[in-house]
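The structure appears right after this line, and notes come after that.
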Amino acid sequence: MKHIFLNLKRFDVPVEMGGVNRLAPVADWGKAIVEGTQDGLAAYDKNEVEFAAYLPEAHLLSAAAARKPGCALQLGCQGVFRADTAVGGNFGAFTTNRPASAAVALGCESVLIGHCEERNDKMGILAEAGVTGLEASRTVNRLLNQEIRCAVARGMTVLYCIGEKSEEQDNWEQVLGEQLSIGLEGVDKSKVVIAYEPVWSIGPGKTPADKPYITKIARFVKEQTGGMDVVYGGGLKSDNAAMLASIPEIDGGLIALTRFTDEIGFYPEEYLEIIRLYLGK
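Taken in order, the sequence shown gives residues 16 to 296; the numbers are from my numbering.
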């Protein structure tokens, strides 16, 4: 089974406000994502490849309403809280947070957890309290484990991101090993796919991770997890689709932006072209 995931971050923000949204008015943006992709995705066999898109919460309802019967695109959110509602317990005292129950009620089937931007946010909060280094990293992994448990308990699948920063490269085996062992402790691994993000190589002016490096990490992850599916989380795009498709240990990819120059942003037709290049059909 191949997996193609889409992290739409905050690509809904209009250009005049500093964002990259040229696709649709904000109120129609979630709908536009689904309408622009679902017919193209229908050409693929659901037994061979799955598709999931992680949207900001505000757009989930319009996206869900735009799905046709049998739509291949699963909807997901960009994280869940580490605690959840319960009958006879907490019935909704989660101001500013998104419990897994709310995500499911909004139509989510999947969730993105542990993305490097989420990890950085949690690390930043801990740093304000004077907690840094390995202690902070392990704390973040434990918090992410709680989030994963909540998501899986609600019947959601999880895309769990791991990755090392530039200052962690010399110690990558310990860093990634702990992200896996702590993050997945007590979790039904059949509900989780791992996304590898080489954080040190992501961003303008940085050298992308090459095929041998990605292969090395993917093999390590499979060895550590008993063969869990691994996708490339550093950005599946048109110029690396063929390379990633040639790595047997990589089971798919995570797409974000589809255009990186001129009018940068996410464009449904370019998303479908990336998928075609990766799957070869």
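Idealized CB from N, CA, C, for every residue including glycine.
- How about L292 and A256: do their beta carbons lie closer than 8 Å? Within the sequence shown, numbered from 1, the residue matching residue 292 stands at position 277. Within the sequence shown, numbered from 1, the residue matching residue 256 stands at position 241. Contact: yes.
- Query: C176 lies in the alpha helix (DSSP H); which residues open and close that run?
  - Reply: Along the sequence shown, one-based indexing puts residue 176 at 161. Under the DSSP assignment, C176 falls outside any alpha helix (DSSP H), being part of the beta strand (DSSP E) whose first and last residues are T172 to I177.
- Message: Once the 5 residues before and after G192 are set aside, which same chain residues still bring their CB inside 7 Å of it?
- Response: Walking along the sequence shown from the start, residue 192 turns up at place 177. Excluding residues within five positions, the ones whose Cβ falls inside 7 Å are Q239.
- Message: So, at 6 Å on beta carbons, what are the nonlocal neighbours of C176 in its own chain, with the 5 sequence-adjacent residues on each side left out?
- Response: For the purposes of this step, residue 176 is taken as residue 161 along the sequence shown, with counting starting at 1. Closer than 6 Å at Cβ, skipping near neighbours: G129, H130, A210, E212 and G248.
- Message: Taking the alpha carbon of G45 as the reference point, which residue from C86, L90, K221 and R234 has its own alpha carbon closest?
- Response: By 1-based counting over the sequence shown, the position of residue 45 is 30. For G45, the nearest C-alpha among the options comes from L90.
- Message: List, from N- to C-terminal side, the beta strand (DSSP E) runs of 3 residues or more that fit wholly inside the stretch 137-214.
- Response: Segments of the beta strand (DSSP E) lying fully in the stretch 137-214: 172-177 and 207-211.
- Task: Report yes if the CB atom of C92 is closer than 8 Å to the CB atom of V126, and no otherwise.
- Result: The count along the sequence shown starts at 1 and reaches residue 92 at position 77. The count along the sequence shown starts at 1 and reaches residue 126 at position 111. The answer is yes: Cβ separation under 8 Å.
- Where the alpha helix (DSSP H) through K237 begins and ends: For this step, residue 237 is matched to residue 222 along the sequence shown. Bounds of the alpha helix (DSSP H) holding K237 are K226 to T240.
- Query: I think I217 touches G250, with their Cβ atoms under 8 Å apart; what is that distance to the nearest whole Å?
  - Reply: Residue 217 sits at position 202 when you count from the first residue of the sequence shown. Residue 250 sits at position 235 when you count from the first residue of the sequence shown. The C-beta distance from I217 to G250 rounds to 7 Å, short enough to fall under 8 Å.
- Could you tell me how far apart the beta carbons of K7 and V167 are, in whole angstroms, since I believe they sit closer than 8 Å? Residue numbering for the chain in the displayed model covers 16 to 296; residue 7 lies beyond these limits and cannot be assessed.
- Item | K46: first and last residue of the uninterrupted alpha helix (DSSP H) it sits in | In the sequence shown, the residue the question calls residue 46 occupies position 31. Unbroken alpha helix (DSSP H) run through K46: W44 to E50.
- Just checking, does the stretch 54-61 make contact with the stretch 32-41 on the three C-beta pairs under 8 Å criterion? Touching, no, given that fewer than three Cβ pairs across the two stretches are closer than 8 Å.
- With a 10 Å radius around its C-beta and 16 neighbouring C-beta atoms as the bar for buried, classify G107 as buried or exposed. Here residue 107 corresponds to residue number 92 of the sequence shown, with the count starting at 1. Result: exposed.
- Task: Return the first residue and the last residue of the beta strand (DSSP E) that G91 is part of.
- Result: As a working mapping, residue 91 is identified with position 76 in the sequence shown. First-last of the beta strand (DSSP E) with G91: L88 to C92.
- Task: Could you check the C-alpha separation between F281 and D225 for me, to the nearest Å?
- Result: Counting from 1 along the sequence shown, the entry for residue 281 is found at position 266. Counting from 1 along the sequence shown, the entry for residue 225 is found at position 210. Their backbone Cα atoms lie some 24 Å apart in a straight line.
- Message: Give me the DSSP bridge partner(s) of L272.
- Response: The residue given as residue 272 occupies position 257 in the sequence shown. For L272, which the question treats as bridged, DSSP gives no partner whatsoever.
- Would you check if there are 3 or more beta carbon pairs closer than 8 Å linking the stretch 146-156 to the stretch 189-203? The stretch 146-156, when compared against the stretch 189-203, does touch it at the 8 Å Cβ threshold.
- Is there at least one Cβ from chain B nearer than 8 Å to A144's Cβ? In the displayed structure, chain B is absent; only one protein chain is listed.
- Message: For F66, list the residues DSSP reports as bridge partners.
- Response: For this step, residue 66 is matched to residue 51 along the sequence shown. In the DSSP output, where bridge partners are listed per residue, F66 has I19 and L88.
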